[in-house]
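Asks:
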């Protein structure tokens with residue numbers, strides 16, 4: 040563990056923010072468990088699957104579904120955009136605190152909803168907070184990490200997905216409890232966040248260099264001279280890069296995303312990264328998983344149980360990401376993951392085309408297997424990696440805007456997928472998987488030809504991969520510069 044975590048305080052910061060990420064991750068799958076609760080249909084006077092009037096239910100599920108669709112999509116977009124300003128103005132830390140408060144309010148209103156209108160408005164409020172947290176937490180994690188362990192640390196964010204989804208999927212409580220539970224982890228984050236350090240890079244941008252150096256020592260130094268020397272090199276590089284960025288930036292922050300060719304490349308990569316991840320269909324399978332398993336001939340408690348196991352596979356995959364991402368690199372993980380997902384989708388499409396609606400148990404079970412193979416590749420290679428990569432590719436002075444831009448694109452992609460998917464799965468059934476295969480194949484090609492590797496580089500050194508001049512390389516800092 041020592042090669043992943045420099046000291047105890049660093050470990051505490053990683054785990055504590057990961058607890059907060061549980062609340063973020065809740066929005067990814069909460070409706071997948073809620074739509075498996077019979078009381079949810081009864082309360083909202085909705086026709087359950089397999090009954091007359093379910094077409095209207097499918098449309099409403101599309102409205103309720105997931106973190107982003109549709110009113111919570113608007114909330115997430117606004118929350119992400121707001122966080123781009125607040126994270127720079129008030130710090131990553133205080134913006135996380137505000138996001139936690141907003142998510143808690145939204146979760147409470149969801150649990151106390153008395154009609155569909157109130158439920159949708161509450162999802163909008165929760166979505167605003169989720170948009171903030173999804174944008175800020177990975178960015179904060181990347182900025183407090185060492186170059187050697189950044190992938191491990193940021194990967195902890197996605198590990199939180201397991202605990203919320205598995206518990207919600209198999210819960211015997213009424214549907215209100217899973218909605219209210221969303222507030223619990225973010226309240227834990229809020230309660231202890233005062234002890235979290237400010238981002239050292241944010242402190243340097245504000246000219247608070249002594250504080251930044253103290254935070255770096257507290258996070259990255261252990262009881263040996265080598266680690267203290269590394270902190271000195273890291274401090275010097277970040278400071279020099281911050282000074283260079285402040286000299287070169289235009290002053291119009293959002294314009295910076297498009298002002299230079301390297302930044303335009305970053306912006307396009309961020310858009311492809313987040314759209315590509317959503318267009319694989321992961322949220323469709325997560326949020327409509329119960330209905331999908333029902334269509335494959337399963338009934339009773341089995342669809343809920345299988346969805347819980349499905350998310351357990353995702354959890355195990357995220358452990359592999361945390362342990363191996365820094366060793367093998369972001370590009371390899373993305374390429375292997377997308378390739379495996381593409382094969383899984385093609386096989387799922389072929390099996391459902393042949394066996395859906397039949398009594399062929401072998402064929403239907405094979406279709407279930409490839410749904411699991413899909414999440415194995417997604418959990419191992421895509422889930423956490425996309426957030427690691429998104430926060431790494433943008434330079435310090437526009438990282439909050441770049442991260443927010445990525446989350447906005449994820450929100451828009453999720454909105455489209457989750458609005459369309461329930462209706463499409465009912466109307467065109469197995470043909471819907473063709474809709475997922477085509478963009479996934481395009482995603483694979485774009486990653487292969489255009490995505491640079493960022494592993495084992497400091498955040499400042501990554502700029503060189505986009506054709507920009509680095510003020511000073513981490514590995515080239517002289518002893519005199521370290522002492523300075």
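In the working numbering, the protein residues as written are 40 to 523.
Cβ atoms here follow ideal geometry from the backbone N, Cα and C, with glycine treated the same way.
Just how far apart, CA to CA, sit residue 431 and residue 135?
Replies: Translated into positions along the chain shown, residue 431 becomes position 392. Translated into positions along the chain shown, residue 135 becomes position 96. Take the alpha-carbon of residue 431 and the one of residue 135: they are about 19 angstroms apart.
Asks: May I ask which residues mark the beginning and end of the alpha helix (DSSP H) holding residue 411?
Replies: As a first step, residue 411 is located in the chain shown; it is residue number 372 there, counting from the start. Where residue 411 is concerned, the enclosing alpha helix (DSSP H) stretches over 400 to 416.
Asks: Of the residues 224, 150, 180, which one's Cα is nearest the Cα of residue 139?
Replies: The count along the chain shown starts at 1 and reaches residue 139 at position 100. It is 224 whose Cα lies nearest to the Cα of residue 139.
Asks: Just mark residue 393 as buried or exposed, buried being the case when its beta carbon has 16 or more other beta carbons within 10 Å.
Replies: Your numbering for residue 393 matches position 354 in the chain shown. Its Cβ having fewer than 16 others within 10 Å, residue 393 is exposed.
Asks: Using the Cα positions of residue 52 and residue 355, report the straight-line distance between them to the nearest angstrom.
Replies: Start at 1 with the first residue of the chain shown, and residue 52 comes out as number 13. Start at 1 with the first residue of the chain shown, and residue 355 comes out as number 316. Whole-angstrom Cα-Cα distance: 22 angstroms.
Asks: Taking just the CA atoms, how far does residue 406 sit from residue 386?
Replies: Stepping through the chain shown from its first residue, residue 386 is reached at position 347. Stepping through the chain shown from its first residue, residue 406 is reached at position 367. A straight-line Cα-Cα distance of about 8 angstroms links residue 386 and residue 406.
Asks: With a Cβ-Cβ cutoff of 8 angstroms, do residue 506 and residue 309 count as a contact?
Replies: Locating residue 506 in the chain shown gives position 467, counting from the first residue. Locating residue 309 in the chain shown gives position 270, counting from the first residue. Cβ distance not < 8 angstroms, so residue 506 and residue 309 don't count as in contact.
Asks: Within a Cβ cutoff of 7 angstroms, which residues of the same chain sit near residue 388, ignoring the five residues on either side of it in sequence?
Replies: Reading the chain shown from its first residue, position 349 is the one you call residue 388. Closer than 7 angstroms at Cβ, skipping near neighbours: 469, 472, 473, 476.
Asks: Whose C-alpha, out of 424, 241, 177, is nearest the C-alpha of residue 368?
Replies: Indexing the chain shown from 1 puts residue 368 at position 329. With distances taken between Cα atoms, residue 368 lies closest to 424.
Asks: Is residue 420 closer than 8 angstroms to residue 483 when the C-beta atoms are compared?
Replies: In the chain shown, counting from the first residue as 1, residue 483 sits at position 444. In the chain shown, counting from the first residue as 1, residue 420 sits at position 381. It is not a contact, given that the beta carbons lie outside the stated cut-off.
Asks: If contacts are defined as beta-carbon pairs under 8 angstroms, then residue 357 and residue 418 qualify, I think. What distance do you get, rounded to the angstrom?
Replies: Within the chain shown, numbered from 1, the residue matching residue 357 stands at position 318. Within the chain shown, numbered from 1, the residue matching residue 418 stands at position 379. Contact flag correct, Cβ pair sits at about 6 angstroms.
Asks: Which parts of the region 453 to 500 are runs of the alpha helix (DSSP H), unbroken and 4 residues or longer, counting only runs that do not cross its ends?
Replies: Every alpha helix (DSSP H) of 4 residues or more that sits fully in the region 453 to 500 is shown, in chain order, as 471 to 489.
Asks: Within its chain, find whatever has a CB closer than 6 angstroms to the CB of residue 127; leave out the 5 residues flanking it on each side and keep chain order.
Replies: Locating residue 127 in the chain shown gives position 88, where the first residue counts as 1. These residues qualify, in order along the chain: 439.
Asks: Taking the Cβ atom as the reference point for each residue, do residue 305 and residue 441 lie within a distance shorter than 8 angstroms?
Replies: Within the chain shown, numbered from 1, the residue matching residue 305 stands at position 266. Within the chain shown, numbered from 1, the residue matching residue 441 stands at position 402. Going by beta carbons, residue 305 and residue 441 fall inside the 8 angstroms limit.
Asks: With DSSP as the reference, label residue 336 as helix, strand or coil.
Replies: By 1-based counting over the chain shown, the position of residue 336 is 297. Residue 336 falls in the coil class under three-state DSSP.
Asks: Please determine, among 276, 159, 395, the residue with the shortest C-alpha to C-alpha distance to residue 509.
Replies: As a working mapping, residue 509 is identified with position 470 in the chain shown. Minimum Cα distance to residue 509 is reached at 276.
Asks: Quick check on the burial criterion: 16 or more other C-beta atoms within 10 angstroms. Buried or exposed for residue 297?
Replies: Stepping through the chain shown from its first residue, residue 297 is reached at position 258. With fewer than 16 other Cβ atoms within 10 Å, it is exposed.
Asks: Around the Cβ of residue 366, are there at least 16 other Cβ atoms within 10 angstroms (buried) or fewer (exposed)?
Replies: Reading the chain shown from its first residue, position 327 is the one you call residue 366. Per the 10 Å Cβ criterion, exposed.
Asks: Leaving out the 5 sequence neighbours to the left and right, which residues in its chain are closer than 6 angstroms to residue 114 when beta-carbon positions are compared?
Replies: Looking up residue 114 in the chain shown gives position 75. 163, 166, 167.
Asks: Tell me where the alpha helix (DSSP H) around residue 149 begins and ends.
Replies: Numbered from its first residue, the chain shown carries residue 149 at position 110. Residue 149 -> alpha helix (DSSP H) spans 131 to 150.
Asks: Within the chosen definition, does the region 247 to 266 reach the region 149 to 164 through at least 3 CB pairs nearer than 8 angstroms?
Replies: no
Asks: Is the beta carbon of residue 147 closer than 8 angstroms to that of residue 219?
Replies: The residue you call residue 219 lines up with position 180 of the chain shown. The residue you call residue 147 lines up with position 108 of the chain shown. It is a contact, given that the beta carbons lie within the stated cut-off.
Asks: Could you check the C-alpha separation between residue 55 and residue 222 for me, to the nearest Å?
Replies: Numbered from its first residue, the chain shown carries residue 55 at position 16. Numbered from its first residue, the chain shown carries residue 222 at position 183. In a straight line, the C-alpha of residue 55 is about 15 angstroms away from that of residue 222.
Asks: If we count the other Cβ atoms within 10 Å of its Cβ and call it buried at 16 or more, is residue 497 buried or exposed?
Replies: To locate residue 497, count along the chain shown from 1; it is residue 458. Around the CB of residue 497, 16 or more other CB atoms lie within 10 Å, so the residue is classed as buried.
Asks: Determine, using beta-carbon pairs with one atom in the region 311 to 324 and one in the region 337 to 344, whether at least three such pairs fall under 8 angstroms.
Replies: no
Asks: Can you tell which of 401, 466, 49, 395 has the C-alpha that lies nearest to the C-alpha of residue 180?
Replies: The residue given as residue 180 occupies position 141 in the chain shown. Checked all of 401, 466, 49, 395; the closest Cα to residue 180 is 49.
Asks: Excluding the five sequence neighbours on either side, which residues of its own chain have a C-beta within less than 7 angstroms of the C-beta of residue 144, listed in chain order?
Replies: Within the chain shown, residue 144 is the residue found at index 105, counting from 1. Excluding residues up to 5 positions away in sequence, 164 lie with their Cβ nearer than 7 angstroms to the Cβ of residue 144 in the same chain.
Asks: Over what stretch of residues does the alpha helix (DSSP H) that includes residue 244 continue unbroken?
Replies: As a working note, residue 244 is residue 205 in the chain shown. From DSSP, the alpha helix (DSSP H) with residue 244 extends over 239 to 244.
Asks: In or out: residue 47 buried (at least 16 other Cβ within 10 Å) or exposed?
Replies: Position 8 of the chain shown, counted from the start, is the residue given in the question as residue 47. The C-beta of residue 47 has fewer than 16 other C-beta atoms within 10 Å across all chains shown, which makes the residue exposed.
Asks: I need the straight-line Cα distance from residue 328 to residue 493, nearest angstrom please.
Replies: Taking the first residue of the chain shown as position 1, residue 328 is located at position 289. Taking the first residue of the chain shown as position 1, residue 493 is located at position 454. In this structure, the alpha-carbon of residue 328 lies about 34 angstroms from that of residue 493.
Asks: How about residue 416 and residue 384: are their beta carbons less than 8 angstroms apart?
Replies: For the purposes of this step, residue 416 is taken as residue 377 along the chain shown, with counting starting at 1. For the purposes of this step, residue 384 is taken as residue 345 along the chain shown, with counting starting at 1. For residue 416 and residue 384, no; Cβs fall outside 8 angstroms.
Asks: Quick one: what's got a C-beta closer than 6 angstroms to residue 227's C-beta in the same chain, skipping five residues either side?
Replies: Walking along the chain shown from the start, residue 227 turns up at place 188. Only 58 meet the Cβ criterion.
Asks: May I have the straight-line CA-CA distance separating residue 449 from residue 257, to the nearest angstrom?
Replies: Your numbering for residue 449 matches position 410 in the chain shown. Your numbering for residue 257 matches position 218 in the chain shown. So the two alpha carbons sit approximately 34 angstroms from each other.
Asks: Taking the alpha helix (DSSP H) that residue 326 falls in, what are its first and last residues?
Replies: Taking the first residue of the chain shown as 1, we reach residue 326 at position 287. Taken as a continuous stretch (DSSP letters only), the alpha helix (DSSP H) holding residue 326 covers 321 to 326.
Asks: Is the separation between the beta-carbon of residue 410 and that of residue 292 shorter than 8 angstroms?
Replies: Translated into positions along the chain shown, residue 410 becomes position 371. Translated into positions along the chain shown, residue 292 becomes position 253. The answer is no: Cβ separation not under 8 angstroms.
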